[in-house]
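Numbering-wise, the sequence shown is residues 188 to 629 according to my numbering.
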Amino acid sequence: RQAGGDGPTEPAAAPADSGDAGDAGAETDAEPEPDEGGEDEAPRRAAKTQVQWIEEIPRGRFFLRVGLGRKASGSYYTPHAFVRFLVQETLGPQIAERSPPEDPRPSRILELKVLDPAMGSGHFLVEACRYLGAALYEACRLSDERALEAEAKAEAAKTAEERERHLAAAAELRRRVEDLPDPQDELVAYLPSRASEGEASGLSQKKAEALCRRLVAVHCLYGVDKNELAVGLAKVSLWLESYAEGLPLTFLDHRLVCGDSLTGPFFEHLMTLPRGASAIREIYLQGLADRLKSALAEGLRHVRDLEATVGKDVADIEQKRAAKARLDAALEPLKLLAAAWTGGVMLGDETNDEDYLALAKAIGEGRDPGPEMGERPGLARMVDVGKDGVPYDLTFPEVFHPDGAATRTGGFDAVVGNPPWDRMLPAEKEFLAAFDLSILSA
188 RQAGGDGPTE
198 PAAAPADSGD
208 AGDAGAETDA
218 EPEPDEGGED
228 EAPRRAAKTQ
238 VQWIEEIPRG
248 RFFLRVGLGR
258 KASGSYYTPH
268 AFVRFLVQET
278 LGPQIAERSP
288 PEDPRPSRIL
298 ELKVLDPAMG
308 SGHFLVEACR
318 YLGAALYEAC
328 RLSDERALEA
338 EAKAEAAKTA
348 EERERHLAAA
358 AELRRRVEDL
368 PDPQDELVAY
378 LPSRASEGEA
388 SGLSQKKAEA
398 LCRRLVAVHC
408 LYGVDKNELA
418 VGLAKVSLWL
428 ESYAEGLPLT
438 FLDHRLVCGD
448 SLTGPFFEHL
458 MTLPRGASAI
468 REIYLQGLAD
478 RLKSALAEGL
488 RHVRDLEATV
498 GKDVADIEQK
508 RAAKARLDAA
518 LEPLKLLAAA
528 WTGGVMLGDE
538 TNDEDYLALA
548 KAIGEGRDPG
558 PEMGERPGLA
568 RMVDVGKDGV
578 PYDLTFPEVF
588 HPDGAATRTG
598 GFDAVVGNPP
608 WDRMLPAEKE
618 FLAAFDLSIL
628 SA
């Protein structure tokens, strides 16, 4: 255990009789201030607090030490002001284009698809939920307000034709809110115009804003992260942000997924051999294309079940869970092929294209790929190496294939997340300290 620092660490230099007390540990203090005489600072910068022996830590005792886990895993805290600024600058222009104040269109805001490909605990997604939820509420409020104005004009109209025109405009504006995928039209009931005469609409507005954030969480936000714990934390963060009184926690398993954003292929990549990069022979392509088309059509049906409501009760959430299971089953063979392709590319010369071709043939013909996996160890290894890759158009088919066609016609409208904060030059001390903490004091 060392003296100073934020907490105890493993001993830095155990005495000769300390046995296997632990590895080296170190902690440094701030650099000393130069004196007024302007002496050379180099020797002072080199002077650092040295590790002092305090006590032996026997094997089996639990203790804490300063570590580098956050940096090694790429876990960084982003200042909220920066997150808010980036989200506003990214999504603000899209909202202004889709739903300008003079022509509010709430459904166009819900059509936005926003991705954080390295979401961590969901900081950017939570801010996007908050920002889009506020924009959705404002579009609903403006639609309702414009409808009231149109109805007032209809009452004051001097001709039947003018009256009908204003009433039609009012009805169309109200439909913009009523057509939102909102259970039992609760959002409509909590708009300011529905407040009792003479009463403030504060509580109603809060309820409507919460429903808007919940709609955004269900329809607009997507996230990926390699860390399973981070995915769980992101779900909790969005649950808290999109909580609406009287409704259960919404279902986010199909939106926030665990995987590697950088290694997953698109479907057209699966039509090539992972090692040679040449196109698969035409004899297999038709079967694969047909399998993709049928899997996408089935998958999109299940996605519509997932997005039908915001989850109005526990039974509704269970139906969403069952729909997610059906979606995974429909796309599982193609995701297996994607994992094999990714693993084949990553393994390079260790890959046998014949193994991949055998799997592609089995999936294209609708056969069980299990026997191929069992008979070909190389294929099983390819799948194991590439299983964490995220094939985006298969994981989120409603984003990339909104019309159900095999050809990609869609994509994400915006990508938010952290820029690359780290330095371009290697940090030798921090890297080597993962193996021996005493290097920090060298």
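Every residue, glycine too, gets a C-beta built ideally from N, C-alpha and C. It should be emphasised that the depicted structure is a prediction, and the values quoted were computed from it without experimental measurement.
Inter-residue spacing [alpha-carbon to alpha-carbon] between residue i and residue j
i    : j    : result
V602 : V411 : 11 Å
E276 : A549 : 47 Å
I244 : L521 : 52 Å
A203 : F249 : Per-residue confidence for A203 stands at a pLDDT of 41, beneath the threshold of 50, marking its modelled position as unreliable; the derived number appears in the next sentence. Straight-line Cα distance between these residues: approximately 22 Å.
K393 : V444 : 30 Å
G307 : S465 : 36 Å
E537 : A509 : 39 Å
G212 : A417 : A caution first: G212 carries a pLDDT of 39, below 50, which makes its placement in the model unreliable, though a value can still be read off. Distance between the alpha carbons of G212 and A417: 28 Å.
P304 : E415 : 14 Å
V501 : A357 : 36 Å
F618 : F587 : 39 Å
E228 : A614 : Per-residue confidence for E228 stands at a pLDDT of 49, beneath the threshold of 50, marking its modelled position as unreliable; no derived number is given.
E149 : H406 : The question about residue 149 has no answer here: the residues shown for the chain are numbered 188 through 629.
L278 : L566 : 43 Å
L439 : A404 : 8 Å
R292 : I467 : 45 Å
I504 : K340 : 43 Å
L514 : G486 : 5 Å
P288 : F599 : 24 Å
D621 : R246 : The question names Asp, but residue 621 in the sequence shown is Ala. Cα to Cα, the separation comes out at about 20 Å.
L524 : F454 : 10 Å
R362 : D555 : 48 Å
L627 : K616 : 6 Å
D372 : A517 : 32 Å
K507 : L479 : 23 Å
R252 : L624 : 10 Å
Backbone secondary structure at residue i - three-state DSSP
i    : result
D536 : helix
E615 : helix
D477 : helix
A512 : helix
Y185 : Nothing about residue 185 can be read from this structure; the chain reaches only from 188 to 629.
L408 : strand
D440 : coil
Q281 : helix
Y543 : helix
S286 : coil
T582 : helix
W240 : coil
L251 : coil
E348 : helix
H489 : helix
I413 : The sequence as given places Lys at residue 413; Ile does not occur at that position. K413 falls in the coil class under three-state DSSP.
F622 : coil
G565 : helix
P452 : coil
D590 : coil
R554 : coil
DSSP beta-bridge partners of residue i
i    : result
G320 : Answer is none; G320 lacks a bridge partner.
D447 : G576
A525 : In the DSSP output, where bridge partners are listed per residue, A525 has none listed.
L466 : The sequence as given places Ala at residue 466; Leu does not occur at that position. According to DSSP, which records beta bridges pairwise, A466 is partnered with T459.
A305 : DSSP lists no partner for A305.
A629 : Note: A629 sits in no beta bridge, so no partner.
A601 : V301
Best match in the options for proximity to residue i [C-alpha to C-alpha]
i    : options                   : result
G446 : K413, F587 and T346       : K413
C327 : P368, K616, G307 and A476 : P368
R333 : A517, L297, L378 and A305 : L378
P280 : P266, I296, F269 and H267 : I296
D580 : H456, S330, A404 and D440 : H456
G551 : L354, S481 and L398       : S481
E351 : D555, E338 and A421       : E338
V490 : E562, T582, M569 and M560 : T582
L319 : L398, D366 and E365       : L398
G451 : M533, R442 and E562       : M533
Y324 : H353, L335, I282 and G535 : I282
S675 : R442, R400 and A421       : Residue 675 falls outside the range modelled here, since the chain spans only 188 to 629, and no answer is possible.
G535 : R568, K511 and L374       : R568
A593 : G474, L483, T265 and E242 : L483
R285 : K300, N605, Y409 and E585 : K300
R381 : A421, L335 and A512       : L335
F272 : I241, R317, L251 and S294 : R317
H267 : A629, D623, N605 and S625 : N605
Fill in: Three CB pairs or more closer than 8 Å across the region 454–462 and the region 538–557
yes
Worksheet item: Would the region 312–323 and the region 415–430 be scored as touching if the rule is three or more Cβ pairs under 8 Å?
Response: yes
Worksheet item: Using 8 Å as the Cβ pair cut-off and three pairs as the minimum, do the region 524–535 and the region 566–586 touch?
Response: yes
Worksheet item: At a cut of 8 Å, does the region 345–354 reach the region 394–403 through at least three beta carbon pairs?
Response: no
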